[in-house]
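Visitor: Numbering (our numbering), first residue to last: 656 to 885. Every residue, glycine too, gets a C-beta built ideally from N, C-alpha and C. On a predicted model such as this, the values are computed, not experimentally measured, just so you know. One structure coming up, written as structure tokens, with questions to follow.
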Ligand SMILES: [Zn+2]
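Written out as structure tokens, the structure is:
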């Protein structure tokens with residue numbers, strides 16, 4: 656299964672969506688599921704909400720988004736969950752993609768997924784700042800995600816390309832800690848090859864090799880001081 660996230664914003668409507676459908680039809684062995692990815696909040700932007708509804712009608716499997724970038728991340732997270740539930744699709748958010756330990760929407764996401772009955776249908780990608788927080792805090796967040804049925808998808812190639820520039824931290828969600836808390840954890844690719852990831856490939860096994868080979872920084876070795884340099 657390959658999941659693609661075309662944005663309907665930037666004035667291109669559903670052209671990217673249709674291009675993916677066309678490309679997928681040429682490779683029947685690959686199952687492509689699409690997710691609509693609005694940038695920022697939803698409810699205050701009628702266009703984005705309309706795109707979300709149209710995407711669901713076109714077969715979107717989940718509503719995407721990056722509510723941690725919104726002016727009010729907590730509200731934007733809750734709204735995204737409510738809209739996904741209303742549309743009867745899953746929730747697939749890009750979450751806390753920063754080294755800044757003060758940026759955390761995981762507890763909000765767990766609560767929102769619970770309230771919207773999205774257990775087993777909600778995904779949090781990235782969760783980078785989790786690795787910057789004290790281990791006891793990260794563990795509580797992992798337990799809340801597990802309880803709410805929110806899976807975490809680690810994107811090693813993208814996160815290692817984007818994070819750590821300011822702090823030197825690795826910026827990768829703590830895989831082992833998440834698994835110890837019984838969170839379903841997957842490996843994804845946010846970028847295959849673009850301005851952010853210049854040397855990437857679509858090879859997921861290669862992406863999985865990264866946290867596997869860097870067990871020290873993808874495990875429970877988040878320091879009790881909340882910061883760690885590799
Ligand atoms: Zn992302």
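So does residue 786 have its beta carbon nearer than 7 angstroms to some heavy atom of ligand 1?
Guide: Residue 786: no, Cβ never under 7 angstroms from ligand 1.
Visitor: Is it the case that the stretch 769-779 contacts the stretch 728-741, given that we only count it when at least three CB pairs across the two stretches are under 8 angstroms?
Guide: With the cut-off at 8 angstroms, the stretch 728-741 and the stretch 769-779 touch.
Visitor: Among all residues, which have a Cβ less than 5 angstroms from at least one non-hydrogen atom of ligand 1, and in what chain order do they fall?
Guide: Chain-ordered list of matching residues: 749, 845.
Visitor: Quick check: what's the CA-CA separation for residue 674 versus residue 713?
Guide: Rounded to whole angstroms, residue 674 to residue 713 spans 13 angstroms at the Cα level.
Visitor: Kindly list the residues whose CB is nearer than 7 angstroms to the CB of residue 863, restricted to its own chain and excluding five residues on each side of it in sequence; keep chain order.
Guide: Counting only Cβ-Cβ distances below 7 angstroms, and skipping sequence neighbours, we find 842.
Visitor: Exposed or buried, residue 682, counting other C-beta atoms within 10 Å across all chains shown (16 or more means buried)?
Guide: Answer is exposed; the Cβ neighbour count stays below 16.
Visitor: From which residue to which residue does the beta strand (DSSP E) around residue 747 run?
Guide: Per DSSP, residue 747 belongs to the beta strand (DSSP E) from 745-750.
Visitor: Rounded to whole angstroms, what is the Cα-Cα separation between residue 732 and residue 860?
Guide: Residue 732 and residue 860: Cα-Cα distance of roughly 31 angstroms.
Visitor: In chain order, which continuous runs of the alpha helix (DSSP H) of length 4 or greater are located wholly inside the stretch 730-802?
Guide: Listed in chain order, the complete alpha helix (DSSP H) runs (minimum 4 residues) inside the stretch 730-802 are 761-770.
Visitor: Beta carbon of residue 765, beta carbon of residue 802: below 8 angstroms?
Guide: For residue 765 and residue 802, yes; Cβs fall inside 8 angstroms.
Visitor: Relative to the C-alpha of residue 851, which candidate in 805, 827, 795, 813 has its C-alpha closest?
Guide: The option with the nearest alpha carbon to residue 851 is 813.
Visitor: How far does the beta strand (DSSP E) with residue 690 in it extend, from its first residue to its last?
Guide: Note, residue 690: beta strand (DSSP E), 687-691.
Visitor: With 16 as the cutoff for other CB atoms within 10 Å, does residue 791 come out buried or exposed?
Guide: Exposed: under 16 other Cβ atoms inside 10 Å.
Visitor: Apply the 10 Å Cβ neighbour rule to residue 856 and answer buried if 16 or more other Cβ atoms are within range, or exposed otherwise.
Guide: It counts as exposed.
Visitor: DSSP beta-bridge partners for residue 807?
Guide: Its beta-bridge partners are 779, 840.
Visitor: Any idea what DSSP makes of residue 872, helix, strand or coil?
Guide: In this prediction, residue 872 scores a pLDDT of 46, lower than 50, which makes its location untrustworthy; the coordinate-derived value is nonetheless stated afterwards. Note: residue 872 maps to helix in three-state DSSP.
Visitor: I'd like to know whether the C-beta atoms of residue 725 and residue 746 end up nearer to each other than 8 angstroms.
Guide: No. Outside cutoff.
Visitor: Measure the CB-CB distance between residue 751 and residue 784 and report whether it falls below 8 angstroms.
Guide: Yes, the pair counts as a contact, with Cβ atoms nearer than the cut-off.
Visitor: Looking only at DSSP bridge pairs, what is residue 718 linked to?
Guide: Beta-bridge pairing links residue 718 to 691, 746.
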